[in-house]
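With the sequence shown counted from 1, adding 965 to any position gets you this note's numbering. Only one structure is covered here, and it is reproduced in the block below.
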Amino acid sequence: MVRATLVKQRNESLTVKDERTGKVYSIPITENSIPATAFKKIVAPRKGGEREEDETERGLRVLDKGFLNTAVIRSEITYIDGEAGVLRYRGYPIEQLAVNSSYLECAYLLIYGSLPTRTQFRTFENEVMHHSIMHHDSEELYSSFRYDSHPMAILTSAFAALGSNHADANPSLAGQNLYTRGTPESLAVMDKQIFRLLGKATTMAAMAYRVRQGRAFVTPPVGLSYTGSFLYQMDHLGEEGYKPNPVLERALDVLFLVHADHELNASCTTVLQTGSSLVDPYSAIAAGCASLYGPLHGGANEAVIRMLISIGSPDNVPQFLEQVKRKESVLSGFGHRVYRTSDPRSFIVRKTADEVFAITGKDPLLETAMRLHDEAMKDDYFVSRKLAPNVDFWSGLIYRAMGFPLDFFPVLFAVPRVAGWLAHWRQMMLQEGGVKIWRPRQIYVGPEVREFVPIEQRKDESKSPREKPTEVYHSGQSRRYWLAEYKGKERAKL
């Protein structure tokens, strides 16, 4: 038994008494955190019957499934107070930025730490937009995908492939300390990759969009904003003087801004985990993109729309909510892993939704969404569980009103999140003390040491279907193939 007591002294510390040995340990508290490695000093002799794999004599380990309360890095980028519903980029409230700033300006803020001057922003914007053009060979990559390929699969592959064009950006080829030196030359190389990734993110996403429609790819235009260029590349069909609708352009920019970063979410953590091996940033961003692909992360707003479609009409909302309470249905777009009150982004996106609907017309699902919102917000079941609408509840409705297909929603999440990923990656590359490869521990609960058994003497030890491969049913071409005869093959046993 280990007993811990917080002792407030001149230097705060945590006093821990190990009841197994009677020893007392003092663990320093810094910035309201304790070093997990300090627990490795809390050792005890292994007793009879205790598993060798528990490694008792090697110190305590900290078990934290899903990183519920584990800090893995010191960061200056984004602050979230889930209890109060607060989100700040580099100290600036998200509500102020959404009204007064732009996505690209916030990208600068996240990456470099402060809002840019007019000259700084002009330089940054010019570099990002200048690097938006893709190499002609990339068209072959996109053309190799099936017409119905998921756009996130295409985008993830494109990010990974992009790195193959820039050998000078690969630490495996240019030296493992390429990004960690912090010298002017190293920073210049780093910044160039940041410009490339930000600039090409919208181009690659637009190319993935046009693959689905069988349309030729569009060269990024000159003179449009970041989101204006994105809409142009998706929709331009050769018209002279084509410009996206300014309301939709601004709405998309606001959505990009509020999605730019969200601290150490799953995809950002994936970028840092991958980046800790000192791989090139293109591979790290591709890994983050793959993580965001999952329905528990980037696919959440798509799930909201599918849920609303399945409900059918506002009249069916009460029945649906009862099914949710009985755990027969899933309520998407409510609640958040971090926020225990309301998601501050949801209010911004809700206002943006009104502006979009004013020119596109109200989506037929809006009435169902509003009824669902109103019913859930006055139901003690959902209120007591602090299940308030999150950013995904409204953003999906906006994307649908703007005409984006459902499976493109995660792409519209991934593109703006590139800025946040790059900010955290850059911070880690330049952190004091250098980069250490991330290597979490585990609690091993598998078999103890056992002797190898020859295959002729083995018995089936599986106790459940999970402990052996599922038998696959084959038909059609496979069956015809097995029925065929050829040299060296015994007749198939059916």
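Ideal placement from N, C-alpha and C gives every residue a C-beta, glycine not left out.
Candidates T1002, A1366, E1332, of which the one nearest E1320 by Cα:
Taking the first residue of the sequence shown as 1, we reach residue 1320 at position 355. Closest option to E1320, Cα to Cα, is A1366.
Does the structure place the region 1418-1429 close enough to the region 1266-1277 that three or more beta carbon pairs sit under 8 Å?
no
So within the region 1267-1313, which uninterrupted alpha helix (DSSP H) runs reach at least 4 residues, ignoring any that extend past its ends?
1282-1290
Whole-angstrom Cβ separation of P1375 and G1264, contact assumed at under 8 Å?
Numbered from 1 along the sequence shown, position 410 holds the residue referred to as residue 1375. Numbered from 1 along the sequence shown, position 299 holds the residue referred to as residue 1264. Their Cβ separation, rounded to whole angstroms, is 5 Å, which keeps P1375 and G1264 in contact under 8 Å.
P993, enclosing beta strand (DSSP E) - first and last residue
The sequence position of residue 993 within the sequence shown is 28, counting from 1. From DSSP, the beta strand (DSSP E) with P993 extends over 989-993.
Should Y1247 be labelled buried (16 or more other beta-carbon atoms within 10 Å of its own) or exposed?
As a first step, residue 1247 is located in the sequence shown; it is residue number 282 there, counting from the start. Looking at its Cβ environment, which holds 16 or more other Cβ atoms inside 10 Å, Y1247 is buried.
Give me whichever residues DSSP pairs with K1433 in a beta bridge.
By one-based count along the sequence shown, residue 1433 stands at place 468. In DSSP, K1433 forms no bridge with anything.
Alpha-carbon spacing of V972 relative to S998, whole angstroms
In the sequence shown, the residue the question calls residue 972 occupies position 7. In the sequence shown, the residue the question calls residue 998 occupies position 33. Low per-residue confidence applies at V972: pLDDT is 48, beneath 50, and the placement is therefore not dependable, though the value from the model is reported in the following sentence. Going from the Cα of V972 to the Cα of S998 covers about 14 Å.
In terms of alpha-carbon separation, which member of S1122, F1195, R1161 lies closest to L1377?
Start at 1 with the first residue of the sequence shown, and residue 1377 comes out as number 412. For L1377, the nearest C-alpha among the options comes from F1195.
For the 8 Å Cβ check, are there 3 or more pairs between the region 1340-1358 and the region 1283-1294?
yes
Using only the alpha-carbon positions, how far apart do Q1407 and Q1141 sit?
Numbered from 1 along the sequence shown, position 442 holds the residue referred to as residue 1407. Numbered from 1 along the sequence shown, position 176 holds the residue referred to as residue 1141. If I take the Cα positions, the gap works out to 28 Å.
Coarse secondary structure for T986, derived from DSSP in three states:
Within the sequence shown, the letter at position 21 stands for residue 986. Residue state, collapsed to three classes: coil.
What is the C-beta distance between P1309 and I1059, in whole angstroms, given that I count them as a contact (C-beta under 8 Å)?
Taking the first residue of the sequence shown as position 1, residue 1309 is located at position 344. Taking the first residue of the sequence shown as position 1, residue 1059 is located at position 94. The Cβ separation is near 6 Å, so the contact holds.
Buried or exposed: where does A1457 fall if 16 or more other Cβ atoms within 10 Å of its Cβ makes it buried?
In the sequence shown, the residue the question calls residue 1457 occupies position 492. The pLDDT assigned to A1457 is 48, lower than 50, so where the model puts this residue is not dependable; a value taken from the coordinates is nonetheless given after this. Burial call: exposed.
Does DSSP classify Y1346 as helix, strand or coil?
Taking the sequence shown and counting its residues from 1, the one referred to as residue 1346 is at position 381. Three-state result, Y1346: helix.
List the residues that DSSP assigns as beta-bridge partners of T1043.
For the purposes of this step, residue 1043 is taken as residue 78 along the sequence shown, with counting starting at 1. Partner(s): Y1054.
R1211 - DSSP class collapsed to helix/strand/coil
As a working note, residue 1211 is residue 246 in the sequence shown. Reading off the sequence, residue 1211 comes out as Pro, not Arg. P1211: helix per DSSP, three-state reduction.
Do V981 and I992 have their C-beta atoms closer together than 8 Å?
As a working note, residue 981 is residue 16 in the sequence shown. As a working note, residue 992 is residue 27 in the sequence shown. Contact: yes.
Cβ separation of I1038 and M1394, assumed to be a contact under 8 Å, to the nearest whole Å
Position 73 of the sequence shown, counted from the first residue, corresponds to residue 1038. Position 429 of the sequence shown, counted from the first residue, corresponds to residue 1394. Rounded, the Cβ-Cβ distance is 12 Å, inconsistent with contact.
Just checking my contact of T1167 with A1255 at CB under 8 Å: how many whole Å lie between their CB atoms?
On the sequence shown, position 202 is the one that residue 1167 refers to. On the sequence shown, position 290 is the one that residue 1255 refers to. With a Cβ gap of about 19 Å, T1167 and A1255 do not count as contacting.
Endpoints, the alpha helix (DSSP H) within which P1136 is located:
The residue given as residue 1136 occupies position 171 in the sequence shown. From DSSP, the alpha helix (DSSP H) with P1136 extends over 1136-1139.
Would you say D1328 reaches chain C, if we count a Cβ-Cβ gap shorter than 8 Å as a contact?
The structure shown contains no chain C; it holds only a single protein chain.
Taking 7 Å as the line, does the beta carbon of G1203 fall inside it for any heavy atom of the ligand GDP?
Ligands in the displayed structure: none, and consequently the ligand GDP is not present.
Considering Cα atoms alone, identify which of T1043, S1427, E1022, A1063 is closest to F1312.
Position 347 of the sequence shown, counting from 1, holds the residue named residue 1312. Selected option, being the one with the closest Cα: A1063.
If you check the beta carbons only, do M1169 and M1094 fall under 8 Å apart?
Position 204 of the sequence shown, counted from the start, is the residue given in the question as residue 1169. Position 129 of the sequence shown, counted from the start, is the residue given in the question as residue 1094. No; because the gap between Cβ atoms is not below 8 Å, this pair is not in contact.
Using three-state DSSP, classify P1354 as helix, strand or coil.
Locating residue 1354 in the sequence shown gives position 389, counting from the first residue. Residue state, collapsed to three classes: strand.
Applying the 10 Å Cβ sphere with the 16-neighbour rule, what's the burial state of Y1438?
Sequence index remark: in the sequence shown, residue 1438 carries index 473 (1-based). Exposed: under 16 other Cβ atoms inside 10 Å.
Given a cut-off of 8 Å on the beta-carbon distance, is the pair I1042 and R1055 in contact?
Looking up residue 1042 in the sequence shown gives position 77. Looking up residue 1055 in the sequence shown gives position 90. Yes. Within cutoff.
Between the region 1018-1035 and the region 1000-1010, do three or more beta carbon pairs fall short of 8 Å?
yes
Among all the DSSP beta bridges, which residues are the ones paired with S998?
By 1-based counting over the sequence shown, the position of residue 998 is 33. T995, per the DSSP bridge assignment.
Return the CA-CA distance between S1429 and W1386, expressed in angstroms with no decimal places.
Within the sequence shown, numbered from 1, the residue matching residue 1429 stands at position 464. Within the sequence shown, numbered from 1, the residue matching residue 1386 stands at position 421. Between S1429 and W1386, the C-alpha separation is close to 41 Å.
Comparing C-alpha positions only, which one of R1336, H1227, A1323, L1220 sits nearest to G1277?
One-based indexing of the sequence shown puts residue 1277 at position 312. It is R1336.
Could you pull out every residue in the same chain whose Cβ sits closer than 7 Å to the Cβ of A1252, ignoring the five residues on either side in sequence?
Taking the sequence shown and counting its residues from 1, the one referred to as residue 1252 is at position 287. Taken in chain order, the residues that qualify are T1235, V1236, T1239.
R1111 lies in the alpha helix (DSSP H); which residues open and close that run?
Numbered from 1 along the sequence shown, position 146 holds the residue referred to as residue 1111. R1111 -> no alpha helix (DSSP H), and no H or E assigned at all.
Cβ-Cβ distance between E1413 and E1104 below 8 Å:
Locating residue 1413 in the sequence shown gives position 448, counting from the first residue. Locating residue 1104 in the sequence shown gives position 139, counting from the first residue. Result no, Cβ atoms of E1413 and E1104 do not sit closer than 8 Å.
Which residue marks the beginning of the alpha helix (DSSP H) containing N1065, and which one marks its end?
The residue given as residue 1065 occupies position 100 in the sequence shown. Looking at the DSSP string, the run of the alpha helix (DSSP H) that includes N1065 is 1059-1065.
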